[in-house]
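A quick write-up on the structure given underneath.
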Amino acid sequence: MGLKVYNTLHGRKEEFIPLTEGKVKMYVCGPTVYDTSHIGHARSVVVFDTIFRWFEKLGNEVTYVRNFTDVDDKIIKKSNETGEDCAVITEKYINEFHVEMDALNVRRPTIEPRATGHITHIIDFIQMLIDKKKAYAVDGGDVYFSIDAFSDYGRLSGRNPEDMRAGARIAIDEKKQNPLDFTLWKPAKPGEPFWESPWGKGRPGWHIECSAMSYEYLGEGFDVHGGGKDLIFPHHENEIAQSEALFGRQFVKYWIHNGFVDINNEKMSKSLGNFTMIKEVLAKYPAEVIRMFLLSNHYRSPIDYSEDSMKEVSLGLDRVYAFMERLDHTGIKPCETFNSELWEEFCDAMNDDFNSAKAIASVFEAVKKGNRLLDDAKGIPDESLSKELGLMLHDIRSAAGILGIFLLSPSAYFAAKKEKGMADLVAASETTTTDSSSSLAAEIEDLIRQRAEARKAKNFKRADEIRATLQSMHIVLEDGSGGTTWRFE
RNA sequence: GGCGGCUUGGCCAAGUGGUAAGGCGACGGCCUGCAAAGCCGUUAUUCUCCAGUUCAAAUCUGGAAGCCGCCUCCA
11 MGLKVYNTLH
21 GRKEEFIPLT
31 EGKVKMYVCG
41 PTVYDTSHIG
51 HARSVVVFDT
61 IFRWFEKLGN
71 EVTYVRNFTD
81 VDDKIIKKSN
91 ETGEDCAVIT
101 EKYINEFHVE
111 MDALNVRRPT
121 IEPRATGHIT
131 HIIDFIQMLI
141 DKKKAYAVDG
151 GDVYFSIDAF
161 SDYGRLSGRN
171 PEDMRAGARI
181 AIDEKKQNPL
191 DFTLWKPAKP
201 GEPFWESPWG
211 KGRPGWHIEC
221 SAMSYEYLGE
231 GFDVHGGGKD
241 LIFPHHENEI
251 AQSEALFGRQ
261 FVKYWIHNGF
271 VDINNEKMSK
281 SLGNFTMIKE
291 VLAKYPAEVI
301 RMFLLSNHYR
311 SPIDYSEDSM
321 KEVSLGLDRV
331 YAFMERLDHT
341 GIKPCETFNS
351 ELWEEFCDAM
361 NDDFNSAKAI
371 ASVFEAVKKG
381 NRLLDDAKGI
391 PDESLSKELG
401 LMLHDIRSAA
411 GILGIFLLSP
421 SAYFAAKKEK
431 GMADLVAASE
441 TTTTDSSSSL
451 AAEIEDLIRQ
461 RAEARKAKNF
471 KRADEIRATL
481 QSMHIVLEDG
491 SGGTTWRFE
């Protein structure tokens, strides 16, 4: 089965056929770098990162462009407030963005162009639009795109320019020929950053950078353009207008838009004060849990961030790693002879409009099946079972490469969890004696030793007391054939 | 006002015509000194409601109710 993609342009799933076989060109709108990124940015980036990986896995050579908007009114506002130069501000938030995305195991796009690095291209683009009578400059140095010169305006967002003109929310601007005309170039006020242009000192409008930069790196038309749902109108609608008005051909074949992240079932908003930043979330949960959470719903559906949902994802992650650890202890090695049922299901899910939620479910199904097989074999698999489990492990690893989760060795995963639990425990103990992690670990090990002795002496009362003591420290004991192990719950 | 979306078990959530994935939780069982983990079974004769199309609908059509998003910067 081939890949199917939901195309916002037509409102339905379509078979994915790139313009050039074996090559996929995609452009995704990146952040405006005037502030710290929030969990919603993370979703968009993680979703498209996964899509990028899947295109590659299907054998395509992918050119992935994700821009930084580094010239914008909000940046200027921030600069005026802080006294910092715009370039200092944008550099700071670009670095921050990279650090956070690296933590979320997001691969860098092929190219990450910045608007300020492409002013010449932008000016050329605008000039071509003016030459084609698709845009006009007015006194004062503004340049506008003329909606009336592009008959298809409104197609992507399903809007009718007539209706919108009637809407009360469009500000009337006397300089515009049509109130819906949008800015391509705006003149600089004193103190604002500017570039020289045929229309005087000024800076580009928001939409034009994406048309100009995508043209620069991907050409007049390309395969995929993505971004958050909120960008459909006006941003992407305007990009289409600019690019198609100029080149007279289809700009983008497939438009892909991701849904929002809600916080406790509410939209993130300034008035609610619930903007949840990536760095806050990273401080609270392992990056892998966050990434898995972001992929646990279909990318077009809203997803709700809450303590409960994060906890649930975390437990699910434990389950997968516990299985891999079990395979490890049984001496199973990944083996790669042919693909298993898991891999087929995983591919079907990903091919169905990048259904990562379903893809993750296929991993859980394999885990259950694998556990059952191991139980049936009393933990001692014969050769054919070892092979089957090895295959399963191999396919979980393959899925991990796409999803960007389940990539750690189980021992590293559980070691990190222990370390975190230990740190929390030390931080929580308000005793005057400064408990360090190492002395705490020794204490735990000692209690476990005492319990082992008690059990040997059939003193189960004492053994259970020790278990209860550790339980109160959120430590769970597991008595296995090879002795007692412990973990944080 | 215009445009779009959503409503699936206690909770989260897949599922666009063929008879309800998966996770978390709960309960019962196996295992265990007792647990934990794992496994097995039970937890939706039914998918907000009403009507229609069809041999067949959670899935298509029409209507109702509730919720949400975009139309202004926003992932």
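Going by my numbering, the first sequence opens with residue 11, and the numbers climb by one from there. The C-beta atom is built at its ideal place from N, Cα and C for all residues, glycine as well. Computed from a predicted model, the values in this text were never measured in an experiment.
Item to check | Spatial distance of residue 493 from residue 401 (CA atoms) | outcome: Residue mapping note: residue 493 aligns to position 483 of the first sequence, counting from 1. Residue mapping note: residue 401 aligns to position 391 of the first sequence, counting from 1. Rounded to whole angstroms, residue 493 to residue 401 spans 29 Å at the Cα level.
Checklist entry - What is the DSSP secondary structure of residue 124, counted as helix, strand or coil? => result Position 114 of the first sequence, counting from 1, holds the residue named residue 124. In the structure shown, residue 124 sits in a strand (DSSP, three-state: E or B).
Checklist entry - DSSP on residue 189, reduced to helix/strand/coil? => result The count along the first sequence starts at 1 and reaches residue 189 at position 179. Of the three classes helix, strand and coil, the one that applies to residue 189 here is coil, per DSSP.
Next on the checklist: Does the region 225-239 come into contact with the region 272-285, if we say contact requires no fewer than three beta-carbon pairs (one atom in each stretch) closer than 8 Å?
Outcome noted: no
Item to check | residue 391 versus residue 381 - alpha carbon distance | outcome: Working through the first sequence from its first residue, we reach residue 391 at position 381. Working through the first sequence from its first residue, we reach residue 381 at position 371. Rounded to whole angstroms, residue 391 to residue 381 spans 11 Å at the Cα level.
Checklist entry - When you compare each of 132, 72 and 57 to residue 79 by their alpha carbons, which one comes out closest? => result Here residue 79 refers to the residue found at position 69 of the first sequence. Here the closest residue by C-alpha is 132.
Next on the checklist: Taking a contact to mean a Cβ-Cβ separation below 8 Å, would you say residue 16 touches residue 363 in this structure?
Outcome noted: To locate residue 16, count along the first sequence from 1; it is residue 6. To locate residue 363, count along the first sequence from 1; it is residue 353. Yes, the Cβ-Cβ distance between residue 16 and residue 363 is below 8 Å.
Next on the checklist: Can you give me the C-alpha to C-alpha distance between residue 207 and residue 139, rounded to a whole angstrom?
Outcome noted: Taking the first residue of the first sequence as 1, we reach residue 207 at position 197. Taking the first residue of the first sequence as 1, we reach residue 139 at position 129. Distance between the alpha carbons of residue 207 and residue 139: 14 Å.
Checklist entry - In or out: residue 20 buried (at least 16 other Cβ within 10 Å) or exposed? => result Counting from one through the first sequence, the residue named residue 20 turns up at place 10. Residue 20 is exposed by the Cβ-count criterion.
Next on the checklist: Quick check: the Cα distance between residue 205 and residue 199, rounded to an integer number of angstroms?
Outcome noted: Residue 205 sits at position 195 when you count from the first residue of the first sequence. Residue 199 sits at position 189 when you count from the first residue of the first sequence. C-alpha separation (whole angstroms): 12 Å.
Next on the checklist: Once the 5 residues before and after residue 226 are set aside, which same chain residues still bring their CB inside 6 Å of it?
Outcome noted: Along the first sequence, read from residue 1 onward, the residue named residue 226 stands at position 216. Counting only Cβ-Cβ distances below 6 Å, and skipping sequence neighbours, we find 131.
Item to check | Candidates 284, 216 and 66, of which the one nearest residue 360 by Cα | outcome: Here residue 360 is taken as the residue at index 350 of the first sequence, counted from 1. Out of 284, 216 and 66, 66 has the C-alpha closest to the C-alpha of residue 360.
Checklist entry - Just to confirm, are residue 261 and residue 250 a CB contact at a threshold of 8 Å? => result By 1-based counting over the first sequence, the position of residue 261 is 251. By 1-based counting over the first sequence, the position of residue 250 is 240. In this structure, residue 250 lies closer than 8 Å to residue 261 by Cβ.
Checklist entry - Among residues of its own chain, excluding the 5 on either side of residue 312, which ones have a beta-carbon nearer than 8 Å to its beta-carbon? => result Taking the first sequence and counting its residues from 1, the one referred to as residue 312 is at position 302. Correct list, in chain order: 269, 270, 271 and 272.
Checklist entry - Roughly how many angstroms lie between the CA atoms of residue 339 and residue 114, to the nearest whole one? => result For the purposes of this step, residue 339 is taken as residue 329 along the first sequence, with counting starting at 1. For the purposes of this step, residue 114 is taken as residue 104 along the first sequence, with counting starting at 1. Cα-Cα distance, rounded: 28 Å.
Checklist entry - When the Cα of residue 352 is compared with those of 398, 301 and 57, which residue comes out closest? => result Numbered from 1 along the first sequence, position 342 holds the residue referred to as residue 352. Among 398, 301 and 57, the Cα nearest to that of residue 352 belongs to 398.
Checklist entry - Relative to the alpha-carbon of residue 356, which residue among 332, 446 and 410 has its alpha-carbon at the smallest distance? => result Translated into the one-based positions of the first sequence, residue 356 becomes position 346. That would be 410, whose Cα lies nearest to the Cα of residue 356.
Next on the checklist: With the cut-off set at 8 Å, would you say residue 39 and residue 241 are in Cβ contact?
Outcome noted: Taking the first residue of the first sequence as 1, we reach residue 39 at position 29. Taking the first residue of the first sequence as 1, we reach residue 241 at position 231. A contact, by the Cβ cut-off of 8 Å.
Checklist entry - Where DSSP assigns a beta bridge to residue 195, which residues make up the other side? => result In the first sequence, counting from the first residue as 1, residue 195 sits at position 185. Residue pairing by DSSP puts residue 195 in a beta bridge opposite 153 and 214.
Checklist entry - To the nearest angstrom, how far is it from the Cα of residue 487 to the Cα of residue 53? => result In the first sequence, counting from the first residue as 1, residue 487 sits at position 477. In the first sequence, counting from the first residue as 1, residue 53 sits at position 43. The alpha-carbon atoms of residue 487 and residue 53 are separated by roughly 36 Å.
Checklist entry - Hey, residue 301 and residue 157 are a contact pair by Cβ (cut 8 Å); roughly how many whole angstroms apart? => result Indexing the first sequence from 1 puts residue 301 at position 291. Indexing the first sequence from 1 puts residue 157 at position 147. About 40 Å; that fails the 8 Å criterion.
Checklist entry - Nearest to residue 71 by alpha carbon, out of 28, 109, 327 and 423? => result As a first step, residue 71 is located in the first sequence; it is residue number 61 there, counting from the start. Checked all of 28, 109, 327 and 423; the closest Cα to residue 71 is 28.
Checklist entry - Among the residues of its own chain, which have a CB less than 8 Å from the CB of residue 178, if the five just before and after it don't count? => result Mapped onto the first sequence, residue 178 falls at position 168. Low confidence applies to residue 178: its pLDDT is 47, below 50, so where it sits in the model is not reliable enough to give any reading.
Next on the checklist: Suppose you measure from the CA of residue 319 to the CA of residue 467; what does that come to, to the nearest Å?
Outcome noted: Position 309 of the first sequence holds residue 319. Position 457 of the first sequence holds residue 467. The C-alpha of residue 467 is placed about 44 Å away from the C-alpha of residue 319.
Checklist entry - So, residue 216 versus residue 136, is the Cβ gap smaller than 8 Å? => result By one-based count along the first sequence, residue 216 stands at place 206. By one-based count along the first sequence, residue 136 stands at place 126. Contact: no.
Item to check | Simplified DSSP assignment, three categories, for residue 178 | outcome: Counting from one through the first sequence, the residue named residue 178 turns up at place 168. Here the model assigns residue 178 a pLDDT of 47, short of 50, so the residue's position is not dependable and the matter cannot be decided.
Checklist entry - Considering residue 505, what are the terminal residues of the beta strand (DSSP E) in which it resides? => result The structure shown does not extend to residue 505, since the chain spans only 11 to 499, so no value can be given for it.
Next on the checklist: For the structure I just gave you, are there three or more beta carbon pairs, one from the region 426-441 and one from the region 370-381, closer than 8 Å?
Outcome noted: no
Checklist entry - Going by beta carbon distance, what residues of the same chain come within less than 6 Å of residue 212, once the five residues before and after it are set aside? => result Translated into positions along the first sequence, residue 212 becomes position 202. Counting only Cβ-Cβ distances below 6 Å, and skipping sequence neighbours, we find 151, 195, 196, 197, 198 and 204.
Checklist entry - How far does the alpha helix (DSSP H) with residue 313 in it reach, from first residue to last? => result Residue 313 sits at position 303 when you count from the first residue of the first sequence. Note, residue 313: premise wrong, no alpha helix (DSSP H); beta strand (DSSP E) at 313-315.
Item to check | Nearest-angstrom beta carbon gap, residue 128 and residue 223 [assumed within contact, 8 Å] | outcome: As a working mapping, residue 223 is identified with position 213 in the first sequence. As a working mapping, residue 128 is identified with position 118 in the first sequence. Residue 223 to residue 128, Cβ: 5 Å. Contact.
Checklist entry - With DSSP run on the structure shown, which of helix, strand or coil describes residue 148? => result As a first step, residue 148 must be located in the first sequence, where it is residue number 138. Three-state result, residue 148: coil.
Item to check | Whole-angstrom distance between residue 450 and residue 442, CA atom to CA atom | outcome: Here the question's residue 442 lines up with position 432 in the first sequence. Here the question's residue 450 lines up with position 440 in the first sequence. Confidence is the limiting factor: at residue 442 the pLDDT is only 45, short of 50, which leaves the residue's position unreliable and the question unanswerable from this model.
Checklist entry - Is residue 154 near residue 102, with beta carbons less than 8 Å apart? => result Your numbering for residue 154 matches position 144 in the first sequence. Your numbering for residue 102 matches position 92 in the first sequence. Not a contact, by the Cβ cut-off of 8 Å.
Next on the checklist: Please give the ranges of any alpha helix (DSSP H) in the region 422-489, keeping only runs that are unbroken, at least 4 residues long and fully inside the region.
Outcome noted: 447-466 and 470-482
Checklist entry - Looking only at its own chain, which residues have a Cβ that is under 7 Å from the Cβ of residue 308, when we skip the five neighbours before and after it? => result Start at 1 with the first residue of the first sequence, and residue 308 comes out as number 298. Closer than 7 Å at Cβ, skipping near neighbours: 365 and 367.
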